[in-house]
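One structure is given below, encoded as structure tokens.
Numbering (this note's numbering), first residue to last: 95 to 341.
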């Protein structure tokens, strides 16, 4: 199986959750059935939100590129990054090495187009996503229209709350309210596009179909890792095809 390099630490709990989901996505009977991961859980990456929303002087781009190079040097054969906002720097990461970068934003927009062709996608994520249009190009390519939270301050406060205190019932209630607003504004599907929010996906009452970008990335990482393994290799290593769609 191909080794997957993970640009992590944004935040650390979301990175660990991504790893747990990769483990859960594989039907395994022994350690060797699982996907090999190389993880740089770098909690010192400059704040993406601060750099984008507040014009901070610390640029995450070079740090992320350096992480990508380090993972490839360590043996990674493809790269993933379980942080949506950091995909603003995706081009820098993709060009830093000669290995594939599995772009979570592009993959998730393809998934959204499968769920609601030509529809409107409620983006449940950081205000930075709207400010620098992280999803816009990929949505346009797939014929989709974004719907954002009307109260971006509540979304940002919830991200900071989860980073500081972990997931909570209050955070889940806030996110459910934001989903209701996006549904009122015409969203056909909710895309959970903040990996802090991924920690609460099962507790969010969206009242619309909903999928999680982190789960989309999990599926892509597992599929890529195992794409060179024939059905006769590793009898118990097959992946379970789990769609991250909830009613």
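A virtual CB, placed ideally from N, CA and C, is assigned to each residue, including glycine.
Inspect the CB distances between the stretch 204-215 and the stretch 255-265 and report whether three or more fall short of 8 Å. no
Residue 281 vs residue 215 beta-carbon contact at 8 Å: Indexing the chain shown from 1 puts residue 281 at position 187. Indexing the chain shown from 1 puts residue 215 at position 121. Yes. Within cutoff.
Could you give the residue range of the beta strand (DSSP E) that holds residue 132? Along the chain shown, read from residue 1 onward, the residue named residue 132 stands at position 38. Residue 132 -> beta strand (DSSP E) spans 131-135.
Tell me the DSSP secondary structure of residue 211 in three-state form. Locating residue 211 in the chain shown gives position 117, where the first residue counts as 1. Under the three-state reduction of DSSP, residue 211 is assigned to coil, being neither helix nor strand.
With the cut-off set at 8 Å, would you say residue 136 and residue 102 are in Cβ contact? As a working note, residue 136 is residue 42 in the chain shown. As a working note, residue 102 is residue 8 in the chain shown. Cβ atoms of residue 136 and residue 102: closer than 8 Å.
Within its chain, find whatever has a CB closer than 7 Å to the CB of residue 171; leave out the 5 residues flanking it on each side and keep chain order. Reading the chain shown from its first residue, position 77 is the one you call residue 171. Cβ neighbours of residue 171 beyond the five flanking positions: 96, 97 and 193.
Beta-carbon within less than 8 Å of residue 335's beta-carbon, same chain only, minus the 5 sequence neighbours each way: which residues are those? On the chain shown, residue 335 is found 241 positions in, with the first residue counted as 1. Reliability of the predicted coordinates at residue 335 is poor, the pLDDT of 34 falling under 50, and no value is obtained from them.
Find the nearest neighbour of residue 156 within the set 184, 149 and 177, judged by alpha-carbon distance. Position 62 of the chain shown, counted from the first residue, corresponds to residue 156. Closest in C-alpha terms to residue 156, from the list 184, 149 and 177, comes 184.
On the DSSP bridge list, what partners appear for residue 306? Start at 1 with the first residue of the chain shown, and residue 306 comes out as number 212. DSSP output for residue 306 lists 286 as bridge partner(s).
Beta-carbon proximity list for residue 195, same chain, < 6 Å, skipping 5 on both sides: To locate residue 195, count along the chain shown from 1; it is residue 101. Contacts found: 173, 187 and 188.
Quick check: what's the CA-CA separation for residue 119 versus residue 284? Counting from 1 along the chain shown, the entry for residue 119 is found at position 25. Counting from 1 along the chain shown, the entry for residue 284 is found at position 190. Spanning the two alpha carbons is a distance of roughly 22 Å.
Under 8 Å, with one C-beta from each stretch per pair, do the stretch 314-321 and the stretch 248-257 reach the 3-pair mark? With contact defined as three or more Cβ pairs closer than 8 Å, the stretch 314-321 and the stretch 248-257 are not in contact.
How many Å lie between residue 266 and residue 297 at the Cα? Stepping through the chain shown from its first residue, residue 266 is reached at position 172. Stepping through the chain shown from its first residue, residue 297 is reached at position 203. Near 6 Å, if we compare the C-alpha coordinates of residue 297 and residue 266.
Would you decide whether residue 181 is buried or exposed? Buried here means 16 or more other CB atoms lie within 10 Å of its CB. Counted from its first residue, the chain shown places residue 181 at position 87. With 16 or more Cβ atoms within 10 Å of its Cβ, residue 181 is classed as buried.
Less than 7 Å between C-beta atoms, sequence neighbours within five positions excluded: which residues of the same chain meet that for residue 56? Residue 56 lies beyond the residue range present for the chain, which begins at 95 and ends at 341; the question has no answer from this structure.
Rounded straight-line distance, which links the Cα of residue 208 to that of residue 138: One-based indexing of the chain shown puts residue 138 at position 44. One-based indexing of the chain shown puts residue 208 at position 114. Computed Cα separation, rounded: 36 Å.
What would DSSP say about residue 195, mapped onto helix, strand or coil? For the purposes of this step, residue 195 is taken as the residue at position 101 of the chain shown. Correct three-state label for residue 195: strand.
Residue 168: buried (16+ other C-beta within 10 angstroms of its C-beta) or exposed? Here residue 168 refers to the residue found at position 74 of the chain shown. Exposed: under 16 other Cβ atoms inside 10 Å.
Closest residue to residue 134 among 303, 113 and 239 (Cα-Cα distance): As a first step, residue 134 must be located in the chain shown, where it is residue number 40. Considering only alpha carbons, the answer is 113.
In the DSSP output, which residue or residues are listed as bridge partners for residue 217? Here residue 217 is taken as the residue at index 123 of the chain shown, counted from 1. Paired residue(s): 285.
Leaving out five residues on either side along the sequence, give the residues of the same chain with a beta carbon under 8 Å from the beta carbon of residue 164. Here the question's residue 164 lines up with position 70 in the chain shown. These residues qualify, in order along the chain: 134.
Please name the residue in 238, 122, 178 and 235 whose C-alpha comes closest to that of residue 223. As a position in the chain shown, residue 223 is number 129, starting the count at 1. Of the listed residues, the one whose Cα sits closest to residue 223 is 178.
What residue range does the alpha helix (DSSP H) around residue 269 cover? One-based indexing of the chain shown puts residue 269 at position 175. From DSSP, the alpha helix (DSSP H) with residue 269 extends over 263-278.
Among 200, 128 and 245, the one whose alpha carbon lies nearest that of residue 227: As a working mapping, residue 227 is identified with position 133 in the chain shown. Ranking 200, 128 and 245 by Cα distance to residue 227 puts 200 first.
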